[in-house]
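Below is one structure; the comments refer to it alone.
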Amino acid sequence: MNVTHLASKSALLGTVVLSLLAAPAHAAPAGTMPKPDLNGLRDVLRTALKQGAPGAIARIDDHGSVAWAAAGVADRKSGRTISNADRFRIGSVTKTFSAVVLMQLADEGRLRLDTSVDHYLPGLLPDSKITVRQLLGHRSGLYDYSNDMFANAVPGFEAVRSQVFTYRQLVDRSLRHKRTNAPGAAYAYSNTNFVVAGMLIEKLTGHSVKTEYQSRIIKPLKLRDTFYVHPDKKIPGRHADGYLTPDKAGAPLVDATEQTASWAQSAGAVISSTRDLNTFLSALLGGRLMSPAQLKEMERMVPVNGSQSYGLGLRSRHLSCGVSVYGHTGAVQGYYTYAFATKDGRRSLSALANVSNNGRVLNTMLGTLESAFCGKKAKDVRPTAAADERQEAVAPRLARN
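Per the numbering used here, the very first residue in the sequence shown carries number 1; after that it's consecutive.
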């Protein structure tokens, strides 16, 4: 196997490394899709550093070949260079894990998507018309409790950093507010939906979400960097530290690495790596985690705006070159993640910036998708406001600048 290394260094950007492993001779051809633009990928990461991210990484798996890029540092104190070997908090990409478990339970006849949540969790929600499908598609109308938690980024985080919540406590925080719409009436992103999803998993299986993630996804796919450690605070093994940008301009970044992530749980507490996320998405979209019928349901998309649609715990993004990709993004204190793949799962991209509450970085990292899937045909994609990406995050406030 041939290995090519490209490297450059600067005092501002740290070290940038690109490596491309040549595909084996028997690998399937990439077809008519543009080849990934590795120089463009590197430039995106460098831009994120200029905008305030301590480090950024990206990995492309493409028909048996692997390419990766890294820029900056994993730890501001030691100055250790960030690497795609580092683990990190994936935020809302956790929602796709939770959705997969529920779709598998549907395959097993233990869950029906169009049945009321009240049938499985009697009396939990104020409206018996809310269905499982509406939860997974963010069409339940349940208010997002995290809006209140993080009205101010740093004080909000410090208030919950060490707390351990029950699912019910998080749902009760949501129910203090009026619903955003009637069940099924409109898409409205809400972490409450996937807290209830976690409750469904535990009620239907009699096991914790940790056990179900492990037995249904992590172990079968041999994901060596993927963990659900809640309520433990530490990320196991080699990892990238995460940094929260204060609301006050010019204030120093806050190290947010150690936290229970209990406020997120089944909506956003999984830890993983770019390698494992690509493996997961390739398996999901390649049809190896559920029946074709359930995958079709998961991929049934409802438009969100001109460039995005949402299925069941799965988002599609429509890129500048006409390619649509499927996956999710996540924002949790200290980390921004993009994880997407082609419809057949044969090309996947996962990228991370170890900073949050910085809308410029979040929108810049969208460019990793353009470089990975549109190649040199990618147009300059610059969303006009951080709100474009904010709705995909675990905590919407964490996406602001």
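The C-beta atom is built at its ideal place from N, Cα and C for all residues, glycine as well.
Beta-carbon proximity list for residue i, same chain, < 7 Å, skipping 5 on both sides
i    : result
D127 : P183
V361 : A48, Q51, G52, A53, Y336, A353, V355
A291 : Per the sequence shown, the amino acid found at residue 291 is Ser instead of Ala. D107, listed in sequence order.
N152 : D247
A25  : Bear in mind that a pLDDT of 30 at A25, under 50, signals an unreliable position, so the model cannot answer this.
K379 : S320
Cut-off 8 Å between Cβ atoms - residues of its own chain near residue i, not counting five sequence neighbours on either side
i    : result
L113 : A106, T131, V132, R133, L136, E297, L312
F157 : F150, L244, V254, A256, Q259, Q333
G242 : F88, R89, D255, A256, T257, V332, Q333, G334, Y335, N354, V355, S356
Q104 : R216, L289, M290, Q294
Buried or exposed by the 16-neighbour rule on C-beta atoms within 10 Å, applied to residue i
i    : result
E108 : exposed
K95  : buried
A251 : exposed
S350 : buried
T404 : Residue 404 lies beyond the residue range present for the chain, which begins at 1 and ends at 401; the question has no answer from this structure.
G206 : exposed
D172 : exposed
P29  : Bear in mind that a pLDDT of 41 at P29, under 50, signals an unreliable position, so the number given afterwards is only what the model happens to contain. By the 10 Å Cβ count, P29 comes out exposed.
G91  : buried
Residue i CB to nearest heavy atom of the ligand PLP below 8 Å
i    : result
S307 : With respect to the ligand PLP, the structure offers nothing, as it holds no ligand at all.
Cβ neighbours of residue i in the same chain (closer than 6 Å, five flanking residues each side left out)
i    : result
I201 : V101, V209, E212
D118 : S128
S316 : M301, S309, S324, Y326
A385 : With a pLDDT of only 38 at A385, under the threshold of 50, the placement of this residue in the model should not be trusted; the figure read from the coordinates follows. Around A385: no qualifying Cβ.
Presumed contact (8 Å Cβ cut-off) between residue i and residue j, rounded CB distance
i    : j    : result
D75  : S273 : No, D75 and S273 are not in contact; Cβ-Cβ is about 16 Å, not under 8 Å.
S98  : A197 : 5 Å
T192 : Y145 : 6 Å
Pairwise C-alpha distance: residue j and residue i
i    : j    : result
R80  : G55  : 10 Å
G123 : K129 : 12 Å
L38  : A58  : 10 Å
A387 : S309 : Confidence in A387 is poor, its pLDDT being 41 and thus under 50, which makes the residue's placement unreliable; the coordinate value appears in the next sentence. The alpha-carbon atoms of A387 and S309 are separated by roughly 15 Å.
T180 : Y143 : 6 Å
P220 : L289 : 9 Å
E299 : S78  : 43 Å
L6   : G330 : For L6, the predicted structure reports a pLDDT of 31, less than 50, and the residue's modelled location is therefore unreliable. A value from the coordinates is still provided. Approximately 29 Å, taken between the alpha carbons.
G40  : I218 : 32 Å
R216 : M199 : 17 Å
V73  : I82  : 5 Å
Pair within 9 Å by beta-carbon distance, residue i and residue j
i    : j    : result
F373 : V325 : yes
T279 : K343 : no
H451 : V93  : Past the boundaries of the shown model lies residue 451; the chain is included only from 1 to 401, so the question cannot be answered.
S266 : V195 : yes
L121 : K203 : yes
L281 : A185 : no
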